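Engineer: Chains as they are written, first to last, in full-length UniProt numbering: chain A, 1 to 248; chain B, 1 to 248.
Virtual Cβ for every residue (Gly too), placed ideally from N, Cα, C.
No experiment lies behind these values; they were computed from the predicted model shown.
Below: one structure in structure tokens.
Number of protein chains: 2
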Amino acid sequence: MLKEDRHNIILEETSTNGSSSFQLLCKKLAVSEDTIRRDIRELDSRGLLKAVRGGAVSVSRIPHHYREREHTDIEQKKVIAKKALTLIKNKQVLFFDGGTSVLELAKILPADLNVTIITNSFPVANALEDHPLAEVIFLGGRLNKMSFATFGNETLKGISKFKVDIYFFGICSISTSSLSCKDLEDAELKLAMMQHSVKTVGLCTWDKVNSESTYFIRETKELDILITEKDKSASPSKPFTKLGIEIL
Amino acid sequence: MLKEDRHNIILEETSTNGSSSFQLLCKKLAVSEDTIRRDIRELDSRGLLKAVRGGAVSVSRIPHHYREREHTDIEQKKVIAKKALTLIKNKQVLFFDGGTSVLELAKILPADLNVTIITNSFPVANALEDHPLAEVIFLGGRLNKMSFATFGNETLKGISKFKVDIYFFGICSISTSSLSCKDLEDAELKLAMMQHSVKTVGLCTWDKVNSESTYFIRETKELDILITEKDKSASPSKPFTKLGIEIL
DNA sequence: CAATATTTTGCAAAATATCGCAAAATATAG
DNA sequence: CTATATTTTGCGATATTTTGCAAAATATTG
């Protein structure tokens, strides 16, 4: 096996898992730990990953405060993302907003899926960086440094240029009457994305169901599909079914 | 067997597997390892694959990531960035393109500087994340996964909405007659940024001075200031001074 | 601070690369 | 067709690089 091949495998392992260990890698590649150690040091010096004690972590331009938010309820979000994935077909054009469940979906997008993703979220764009087929259109605008996404009039105008197949909506708060969130500009953005997509799919962990926040986005009944981590037969989903929303 | 046939087999083997080794190839083709070695060296020089220790890897597999570029000549780039910093005043609005020297400038921007930075580069936006005062406007468009920056018509239209104070131009190639670069879309973008700024400041490591690339951007004389890591009294900067360009 | 795990360092063996050269193959000229 | 030049190929000797091991140094944990 070529050193180059080893390097590629190490990079792939590191970027897909976020990290990799000497122990695992030296077993997988059938070389000594020292060799892996030297490989990782070399890749580090080239800036392709970061060597740490015990192995390596992937370099990411995405700030840590975002990462922290990301890690809450990660398992539920993965379940939600898997369900959402079944809705995506080849050649579709999709809106992805800055929600963390949506980000999870971006991460598990299969490599053979050929889609165009329009987003205002840096983390989403970053997750799709190594995807071979996904075309990414980034929405311009003023950068919000907290959520690491763009907002404002420019972003809204950008959205209005499209009419996409599906909008994957990261839900902040949902009640039987309204969809709402904690930030005015985020509310404006989410409304615009709903208006410029054929179908809106809400991604939502259970704890956000039946809650309301300051900024109204739109009536809940405008939602087409709602995905949570629970089974669709779970009782509190009934009121939503009555509104004509499909539960997944 | 013709040499051409061997070359074709080597290329096919390399591109289908992503890599190929001398050992395998010399067995498969029933020639000595030296012959394969020479073949691969020739194919490398023609840019059809990349020779590495032990064999060859396919060129498509080697993404020219900015992450890799970022680490070369880092010290020179820091010197350049420090000089560029002296040009920036409070309340100014600036264009930053995706050059690595420009990125270095974004990294060292003092915390008390209150500026608006308009960029198409994710790394630049990311570098400014922790800056308390810098407002960041991100230019939308199609995301290029290699350079991790946006390009295309949308991006150009975004640029045309502004007339900024200074454009910090990451130079790819500069001769006394022309500014040029290796990518058509990058050339378009750089031209647009020049046209929509009052002053253009070129950031350029010495090794790029007096070189030319495929895509013409604009006449060199349109540049207002040129910054390199060398002292301005360095002799080869004279021809540029003659064009009315200030050297820093 | 001791016990343990991890990393660094120097080193020798193995693998790989380079160089010069001569034999073989191919091309060119008369 | 023959003689000569040119290119290609394989071989052996000699660098250079890579690899795994063991001891020493360093970091981590309780």
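Of the residues B:PRO236, B:GLU229, B:PRO239, B:ILE247, which one's Cα is nearest the Cα of GLU104 of chain B?
Structural biologist: Checking every option, the nearest Cα to that of GLU104 of chain B belongs to B:GLU229.
Engineer: Helix, strand or coil for GLY55 of chain A? Go by DSSP, reduced to three states.
Structural biologist: GLY55 of chain A falls in the strand class under three-state DSSP.
Engineer: Give me the chain A residues within the contact set of ARG142 of chain B, using Cβ-Cβ distance strictly less than 9 Å, ordered along the chain.
Structural biologist: In chain order: GLU135, VAL136, ILE137, PHE138.
Engineer: Which bits of chain B does LYS145 of chain A rub up against, with CB to CB less than 7 Å?
Structural biologist: Near LYS145 of chain A (Cβ distances below 7 Å), the residues of chain B are GLU129.
Engineer: Just reading off the beta strand (DSSP E) that VAL164 of chain A is part of, what are its end residues?
Structural biologist: Residues 164-170.
Engineer: For the pair the segment 43-52 of chain A and the segment 86-93 of chain A, tell me if three or more CB-CB distances fall below 8 Å.
Structural biologist: At 8 Å Cβ cutoff, the stretches do not touch.
Engineer: By alpha-carbon positions, which one of B:PHE169, B:TRP206, B:SER175 ends up nearest to GLU188 of chain B?
Structural biologist: It is B:PHE169 whose Cα lies nearest to the Cα of GLU188 of chain B.
Engineer: When DSSP builds the beta bridges, which residues end up paired with residue 259 of chain B?
Structural biologist: With chain B covering only 1 through 248, there is no way to say anything about residue 259 of chain B.
Engineer: Would DSSP call GLY202 of chain B helix, strand or coil?
Structural biologist: Looking at GLY202 of chain B - three-state DSSP - the assignment turns out to be strand.
Engineer: Would PHE162 of chain A pass as a contact of PHE240 of chain A if the rule is Cβ separation under 9 Å?
Structural biologist: For PHE162 of chain A and PHE240 of chain A, no; Cβs fall outside 9 Å.
Engineer: Assuming contact is defined by CB atoms lying nearer than 9 Å, are SER177 of chain B and GLU219 of chain B in contact in what I supplied?
Structural biologist: Closer than 9 Å, so yes.
Engineer: Starting from the C-beta of ILE36 of chain B, find all residues in its chain whose C-beta is less than 6 Å away, skip the five residues before and the five after it, and write them out in chain order.
Structural biologist: Only PHE22, LEU25, CYS26 meet the Cβ criterion.
Engineer: Would you give the residue range spanned by the beta strand (DSSP E) that ILE217 of chain B belongs to?
Structural biologist: Here the beta strand (DSSP E) through ILE217 of chain B covers 215-219.
Engineer: Within 10 angstroms of its Cβ, does PRO132 of chain B collect 16 or more other Cβ (buried), or is it exposed?
Structural biologist: So PRO132 of chain B counts as exposed.
Engineer: How would you list, in chain order, the residues of chain A whose beta-carbon sits under 7 Å from the beta-carbon of SER21 of chain B?
Structural biologist: In chain order: LEU2.
Engineer: Can you give me the C-alpha to C-alpha distance between VAL57 of chain B and SER101 of chain B, rounded to a whole angstrom?
Structural biologist: Using only the alpha carbons, I get a separation of about 30 Å.
Engineer: Quick check: the segment 132-144 of chain B against the segment 117-124 of chain B, are at least 3 beta-carbon pairs closer than 8 Å?
Structural biologist: The segment 117-124 of chain B vs the segment 132-144 of chain B: in contact.
Engineer: At 8 Å on the CB atoms, spell out the chain A contacts of PHE122 of chain B, in chain order.
Structural biologist: Under the 8 Å cutoff, chain A gives ARG61, PHE122, ALA125, ASN126.
Engineer: Taking C-beta pairs closer than 7 Å, name the residues in chain B that ASP5 of chain A reaches, listed in chain order.
Structural biologist: By Cβ distance, chain B contributes SER19.
Engineer: Buried or exposed, going by whether 16 or more other CB atoms sit within 10 Å of the CB of VAL124 of chain A?
Structural biologist: Buried, since its Cβ has 16 or more Cβ neighbours within 10 Å.
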